[in-house]
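Asks: Below is one structure. I have some questions about it.
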Amino acid sequence: MTDECFGHPRLAAIYDPLDPDRRDLDAYVRMAEEFGARQVLDIGCGTGVFALLLADRGVEVVGVDPAVASVDVARGKPGSERVRWICGDATTLPPLRVDLVTMTANVAQAIVDPQTWRKTLRGAYEALRPGGHLVFETRDPAGRAWEEWNRAASYTVTQIPDVGAVESWVRLTEVSEPLVTFRWTYVFGADGQVLTSDSTLRFRGRQEVEAELTAQGYVVEDVRDAPDRPGREFVFVARRP
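Going left to right, the sequence shown walks through residues 1 to 241 as the working numbering numbers them.
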């Protein structure tokens, strides 16, 4: 199942306006350039922001996501015809041979089931050409990021063209490490509709991630800092031999 914020058509349509600052993707664009990637698989592509950034640079991109509503938003954007969109996940990919596989933002942490996580890493491995790279980020559990997830710190009112004012905020609903569950609430000023979206993230430690990557056949080349959140996230760079 996908979270409502990605799977509900009304929420998927406002996902980008509610989170317009995507400077977190700059590091991934630079890594695509660093590795000379000409074919990229973007797992958990969502509304297609990163996939389209790469396509604009002439990269051949496959974007895969299980949320139909989010992929529909991506397909409706200018330039979307340059991306191959797939509704699904990395465990059931068609045959591919790419230079780079990415999981940006919360994608890796949103795969909470250990077996599905292993299958995702394996699916990415099979999609990579020998020498290709898998890159993804995950928050350092020691940072306890969830302690900042509350209404006081997150409440906003966003004016969205053709939609109107949307109030949004988040609150924790359960912390049972390594799993953290939270709920976003959205209130549409135009008609008063209230929608909620529950999400669970898995906070994996660095050694756990490295061990699983190695078990799936990868060589862990680097563990970097996230430029937009220094000291709070791990950015894993793994290579298929």
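The beta carbon of each residue, even a glycine, is placed where N, CA and C say it ideally should be.
Hey, out of Thr102, Leu41, Asp3, whose CA is closest to Arg84's CA?
Replies: Walking along the sequence shown from the start, residue 84 turns up at place 84. Among Thr102, Leu41, Asp3, the Cα nearest to that of Arg84 belongs to Leu41.
Asks: Whole angstroms is fine: what's the gap from Asp26's alpha carbon to Gly63's?
Replies: Translated into the one-based positions of the sequence shown, residue 26 becomes position 26. Translated into the one-based positions of the sequence shown, residue 63 becomes position 63. Going from the Cα of Asp26 to the Cα of Gly63 covers about 18 angstroms.
Asks: Output the boundary residues of the beta strand (DSSP E) element that contains Tyr186.
Replies: Within the sequence shown, the letter at position 186 stands for residue 186. 179-188 is the extent of the beta strand (DSSP E) around Tyr186.
Asks: Following the continuous beta strand (DSSP E) through Glu233, name the residue where it begins and the one where it ends.
Replies: Taking the first residue of the sequence shown as position 1, residue 233 is located at position 233. Start and end: 233-239.
Asks: State the DSSP-derived secondary structure class of Thr5, mapped to helix, strand or coil.
Replies: Numbered from its first residue, the sequence shown carries residue 5 at position 5. The question names Thr, yet the displayed sequence has Cys at residue 5. Here Cys5 sits in helix by DSSP.
Asks: CA-CA distance, Tyr15 and Gly79?
Replies: Here residue 15 refers to the residue found at position 15 when the sequence shown is read from its first residue. Here residue 79 refers to the residue found at position 79 when the sequence shown is read from its first residue. Answer to the nearest angstrom: the Cα atoms are 19 angstroms apart.
Asks: Counting Cβ pairs closer than 8 angstroms, one from the stretch 156-164 and one from the stretch 215-230, do we hit at least three?
Replies: The stretch 156-164 makes no contact with the stretch 215-230: fewer than 3 CB pairs, one atom from each, lie closer than 8 angstroms.
Asks: State the beta-bridge partners of Ile43 as determined by DSSP.
Replies: For the purposes of this step, residue 43 is identified with residue 43 of the sequence shown, where counting begins at 1. Paired residues: Val64.
Asks: Considering Pro130, what are the terminal residues of the beta strand (DSSP E) in which it resides?
Replies: Here residue 130 refers to the residue found at position 130 of the sequence shown. 128-139 is the span of the beta strand (DSSP E), which, as asked, contains Pro130.
Asks: With DSSP as the reference, identify every bridge partner of Thr196, one or two as the case may be.
Replies: Counted from its first residue, the sequence shown places residue 196 at position 196. DSSP, once it has assigned bridges, lists Thr185 as partnering Thr196.
Asks: Give me the residue from Pro9, Glu33, Leu54 with the minimum Cα distance to Arg82.
Replies: Counting from 1 along the sequence shown, the entry for residue 82 is found at position 82. Ranking Pro9, Glu33, Leu54 by CA distance to the CA of Arg82 puts Leu54 first.
Asks: Taking the alpha-carbon positions, what's the Thr91 to Ala124 distance?
Replies: As a first step, residue 91 is located in the sequence shown; it is residue number 91 there, counting from the start. As a first step, residue 124 is located in the sequence shown; it is residue number 124 there, counting from the start. Going from the Cα of Thr91 to the Cα of Ala124 covers about 8 angstroms.
Asks: Given a cut-off of 9 angstroms, decide if Arg204 and Thr196 are closer than it, judged by their beta-carbon atoms.
Replies: For this step, residue 196 is matched to residue 196 along the sequence shown. For this step, residue 204 is matched to residue 204 along the sequence shown. Taking 9 angstroms as the Cβ cut-off, Thr196 and Arg204 do not qualify as a contacting pair.
Asks: As an exercise, report each continuous beta strand (DSSP E) stretch of at least 3 residues that is fully enclosed by the stretch 67-97, in chain order.
Replies: Those beta strand (DSSP E) runs which fall completely within the stretch 67-97 and span 3+ residues are 83-87.
Asks: How would you label Ser168, buried or exposed, when you count the other beta carbons within 10 angstroms and need 16 or more for buried?
Replies: Counting from 1 along the sequence shown, the entry for residue 168 is found at position 168. With 16 or more Cβ atoms within 10 Å of its Cβ, Ser168 is classed as buried.
Asks: Val209 lies in the beta strand (DSSP E); which residues open and close that run?
Replies: By one-based count along the sequence shown, residue 209 stands at place 209. For Val209, no beta strand (DSSP E) run applies; the uninterrupted alpha helix (DSSP H) run containing it begins and ends at 206-215, by DSSP.
Asks: Measuring from the CB of Arg151, is there a heavy atom of the ligand MG at a distance below 8 angstroms?
Replies: Annotation note on the ligand MG: not contained in the displayed structure, which lists no ligands.
Asks: When you compare only the Cα positions, how much space is there between Leu121 and Gln216?
Replies: Walking along the sequence shown from the start, residue 121 turns up at place 121. Walking along the sequence shown from the start, residue 216 turns up at place 216. Their backbone Cα atoms lie some 7 angstroms apart in a straight line.
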